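Step one of this worksheet: look at the structure below.
2 protein chains.
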Amino acid sequence: MLGNFSYKNATKLYFGDDSLSYLNEELPKYGKNIQLIYGGGSIKRNGIYDQIVKILKDNGKNIIEDAGVMPNPTIEKLREGVKIARDNNVDLLLAVGGGSCCDYAKAVSVSVHCDEDPWDKYYIRFEEPTCEIVPVGCILTMAGTGSEMNAGSVITNHEQKLKIGHVFGEEVMPKFSILNPKFTFSLPKRQMVAGIYDIFNHICEQYFSGEDDNTSDYLAEALMKSLIHSSLIAIEDPEDYEARSNIMWTATWALNTLISRGKSTDWMVHMIGQSVGAYTDATHGMTLAAVSLPYYRYILPYGVKKFKRFAEEVWNVSSEGKTDEQVALEGLSAMEDWMKKIGVSLNISELGATEDMIDGITEGTIILEGGYKVLSKDEVREILKQSL
Amino acid sequence: MLGNFSYKNATKLYFGDDSLSYLNEELPKYGKNIQLIYGGGSIKRNGIYDQIVKILKDNGKNIIEDAGVMPNPTIEKLREGVKIARDNNVDLLLAVGGGSCCDYAKAVSVSVHCDEDPWDKYYIRFEEPTCEIVPVGCILTMAGTGSEMNAGSVITNHEQKLKIGHVFGEEVMPKFSILNPKFTFSLPKRQMVAGIYDIFNHICEQYFSGEDDNTSDYLAEALMKSLIHSSLIAIEDPEDYEARSNIMWTATWALNTLISRGKSTDWMVHMIGQSVGAYTDATHGMTLAAVSLPYYRYILPYGVKKFKRFAEEVWNVSSEGKTDEQVALEGLSAMEDWMKKIGVSLNISELGATEDMIDGITEGTIILEGGYKVLSKDEVREILKQSL
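Written as structure tokens, this is what we have:
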């Protein structure tokens, strides 16, 4: 735990198959006007929408509809949401869905009372909100992004071919999040799997960095092991409550800043994956999966010690009679086997990326420090070629 | 993650060797009158007191002294602290010390504006505060209890020979806690070790319960492994910053409710240990250590599966060619070896307990459910005899 850091995360979580009922405890804390944010309407088909609307009406709230949040929420949609909130004096932004809806709600929350256009202010200049922030609550129907207990918000600008995430301060975190594992049961398997890999990668990005001995790395390994274990149960039986609940809880703790405390982190897989996403509009978790192995195999020689620890602690690779590098590589092979078992995308071609996009995706990749090797643009291009 | 539960923990943590400077960020949020709570004066000898007083004065605060908080804070001292807070219209209770000071500050916080005597209301009837709660901030000088990020408060009544803990609601948690690992360097080794075992036991009490597959158990194992690893470094070199910082961080996360989410828990070692403490006034962590192994060996047959997992995951015990019970017992032997290495008390006689106290300690032990076996008073007596 080197360095100085702070930690505060005040989101109240309600977890379990009865957790929606706790919406009744939260609603009295807010005014009458509730902006109900959701995506393509699956919550109408599976009945979740009706349950929520009933609770809102029982609590005497006005419901302001804000449907159609897309998987990678766009700046145009964000501007639309801000207008809805302003026109209706919204008191609470209630996001129902996965990370896209939560990220979008947070982006709206910091933009309603802000005169400037949010894209330039928050996603290009990375400024902090100086205006009043409208409170956000989340009701999850998909586990993966961890957006329910963090201050991150990723917005896509198709015109500029950019998909950028801003991690705001703690005051932007949702006030409450409702996590009912059963709400994730009806999700198509491909979406479930993309979420699982998104979680896994969040943990990797915080784990594969730094050489100091750190409690955070032990916690990261615990989350990985629980996730791997439950994922293999969930792909056989997506309605296994215990497995889906562990996956949901793991998602939350993988990205609420806990496991990055006191250590450096490396978010390059997200940077490359998000740039792939900006070009292909492919599912976030799948873009991460498709570039992960080429990236990790590339940087492994610069961080052998940690990759060896990963192999031993997470994948039970025996080190007997092997070099450190062999052990480390076996860890990545075990990870690849697991990725194949759960069925994530292992290359960007199947996500719609083509050779002629490589330069553009490379250009759109933000280079961050923190990893075992700071990449050049040429190295990003090489990793992308290996991901094709 | 079975069952329904909620989680909220809004304590802001400042961690690191520069963390005290963040007191400057917190103080402006509170009024002028600061009740400065501390123990026997070691903070005056090591200079921490002077550093804090300077920051308080620089921020224009009135300092109201409340010294002399004893290792097991008594109800008499609590009544004294409440009077100090009332007489001085205190705006913030600033506890400087270990768990005793933090626990005491929380007990004062819920009692200042309450007409009833706190002992009966909070520690006998376990009622929740219905009055205004005075905010609490903590500056840790000892790692162990986790009191810096939870709502627990243990108070001792010598007259009634009772040491009782109340876990209050989230609104009683400290508003902020400052964790500087260097502030723990000057602690006598015996106190450091007692703190380490207190942490370990907190994790055990939440781990050795339930049979379901649960992310919380993976996190518990991670905390145990990091703690064991760092404890062995710290007993050789108490000024190893990395080891002491991991121990400090582990303490916080071992008892801020995270690793008990979605599972049952078993607090019987604390119940027996606290009763020993009420008779001997021995250091909390040492009382837990002295009764742990007799207790765990006694309940092992009722929870073999979990004790086997503990042996394999935490202590790397190989299961080859052994029965589950053999593996499980080897885990406890490995734990005993570690306890000997770090030097905790392994029997209650050396803490001052005598044969003739056994009946009284048994009587004072509160029996809780949640463990693999709900004990009878006769079983408690038997475990205490084995602990002598």
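Protein chains in written order, with this note's numbering: chain A, 1 to 388; chain B, 389 to 776.
Where is the CB? At the ideal position from N, CA and C, for every residue including glycine.
If you're wondering where the values come from, they're calculated on a predicted model, not measured in any experiment.
So, helix, strand or coil for residue i, using DSSP?
{"i": "residue 675(B)", "result": "helix"}
{"i": "residue 213(A)", "result": "coil"}
{"i": "residue 11(A)", "result": "strand"}
{"i": "residue 618(B)", "result": "helix"}
{"i": "residue 132(A)", "result": "coil"}
{"i": "residue 555(B)", "result": "strand"}
{"i": "residue 245(A)", "result": "helix"}
{"i": "residue 95(A)", "result": "strand"}
{"i": "residue 548(B)", "result": "coil"}
{"i": "residue 177(A)", "result": "strand"}
{"i": "residue 257(A)", "result": "coil"}
{"i": "residue 394(B)", "result": "strand"}
{"i": "residue 502(B)", "result": "coil"}
{"i": "residue 708(B)", "result": "coil"}
{"i": "residue 720(B)", "result": "helix"}
{"i": "residue 360(A)", "result": "helix"}
{"i": "residue 367(A)", "result": "coil"}
{"i": "residue 734(B)", "result": "coil"}
{"i": "residue 388(A)", "result": "coil"}
{"i": "residue 763(B)", "result": "coil"}
Is the Cβ-Cβ distance between residue i and residue j less than 8 Å?
{"i": "residue 328(A)", "j": "residue 293(A)", "result": "no"}
{"i": "residue 15(A)", "j": "residue 634(B)", "result": "no"}
{"i": "residue 373(B)", "j": "residue 582(B)", "result": "It is not possible to answer for residue 373(B), since the shown part of chain B is limited to 389 through 776."}
{"i": "residue 466(B)", "j": "residue 499(B)", "result": "yes"}
{"i": "residue 650(B)", "j": "residue 390(B)", "result": "yes"}
{"i": "residue 748(B)", "j": "residue 667(B)", "result": "yes"}
{"i": "residue 532(B)", "j": "residue 673(B)", "result": "yes"}
{"i": "residue 92(A)", "j": "residue 30(A)", "result": "yes"}
{"i": "residue 524(B)", "j": "residue 473(B)", "result": "no"}
{"i": "residue 275(A)", "j": "residue 385(A)", "result": "no"}
{"i": "residue 95(A)", "j": "residue 138(A)", "result": "yes"}
{"i": "residue 585(B)", "j": "residue 677(B)", "result": "yes"}
{"i": "residue 142(A)", "j": "residue 187(A)", "result": "yes"}
{"i": "residue 47(A)", "j": "residue 66(A)", "result": "no"}
{"i": "residue 370(A)", "j": "residue 253(A)", "result": "no"}
Quick one: list the residues of chain B neighbouring residue i, beta-carbon separation under 7 Å, in chain order.
{"i": "residue 226(A)", "result": "603, 606"}
Just to make sure I have the definition right: I need the residues of chain B whose C-beta is within less than 8 Å of the C-beta of residue i. Which are they?
{"i": "residue 250(A)", "result": "603"}
{"i": "residue 370(A)", "result": "Those do not exist, as residue 370(A) stays about 18 Å from chain B at its closest Cβ, beyond 8 Å."}
{"i": "residue 22(A)", "result": "394"}
Tell me, to the nearest whole angstrom, how far the beta carbon of residue i is from that of residue j; I am working on the premise that it is less than 8 Å.
{"i": "residue 402(A)", "j": "residue 176(A)", "result": "Nothing about residue 402(A) can be reported from this structure: the residues present for chain A run from 1 to 388 only."}
{"i": "residue 457(B)", "j": "residue 497(B)", "result": "Actually they are not in contact, since the Cβ atoms of residue 457(B) and residue 497(B) sit about 14 Å apart, beyond 8 Å."}
{"i": "residue 243(A)", "j": "residue 234(A)", "result": "4 Å"}
{"i": "residue 447(B)", "j": "residue 415(B)", "result": "4 Å"}
Along the beta strand (DSSP E) that carries residue i, what are the first and last residues, could you check?
{"i": "residue 544(B)", "result": "540-545"}
{"i": "residue 87(A)", "result": "Run containing residue 87(A): none in the beta strand (DSSP E); it sits in the alpha helix (DSSP H), 75-87."}
{"i": "residue 453(B)", "result": "450-454"}
{"i": "residue 24(A)", "result": "Counting along the chain, residue 24(A) falls outside any beta strand (DSSP E), though it belongs to the alpha helix (DSSP H) covering 23-26."}
{"i": "residue 33(A)", "result": "33-37"}
Please compile the residues from chain A whose C-beta is within a distance smaller than 8 Å of the C-beta of residue i.
{"i": "residue 770(B)", "result": "Going along chain A, no residue has its Cβ under 8 Å from residue 770(B), so there is no contact; the nearest lies around 35 Å."}
{"i": "residue 634(B)", "result": "1, 213, 214, 215"}
{"i": "residue 396(B)", "result": "10, 11, 12, 13"}
{"i": "residue 392(B)", "result": "14, 15, 16, 17, 18, 19"}
If the cut is a Cβ gap below 7 Å, which residues of chain A does residue i touch?
{"i": "residue 610(B)", "result": "218, 219, 221, 222"}
Quick one: which chain A residues come within Cβ less than 9 Å of residue i?
{"i": "residue 630(B)", "result": "1, 2, 212, 213, 214"}
Could you list which residues in chain B have their beta carbon closer than 9 Å to that of residue i, in chain order?
{"i": "residue 262(A)", "result": "403, 404, 633, 634, 637"}
The alpha helix (DSSP H) that contains residue i, what's its start and end?
{"i": "residue 125(A)", "result": "Counting along the chain, residue 125(A) falls outside any alpha helix (DSSP H), and DSSP gives it neither H nor E."}
{"i": "residue 588(B)", "result": "577-595"}
{"i": "residue 437(B)", "result": "436-446"}
{"i": "residue 661(B)", "result": "656-668"}
{"i": "residue 695(B)", "result": "692-703"}
{"i": "residue 407(B)", "result": "Per DSSP, residue 407(B) belongs to no alpha helix (DSSP H) and is neither H nor E."}
{"i": "residue 430(B)", "result": "430-433"}
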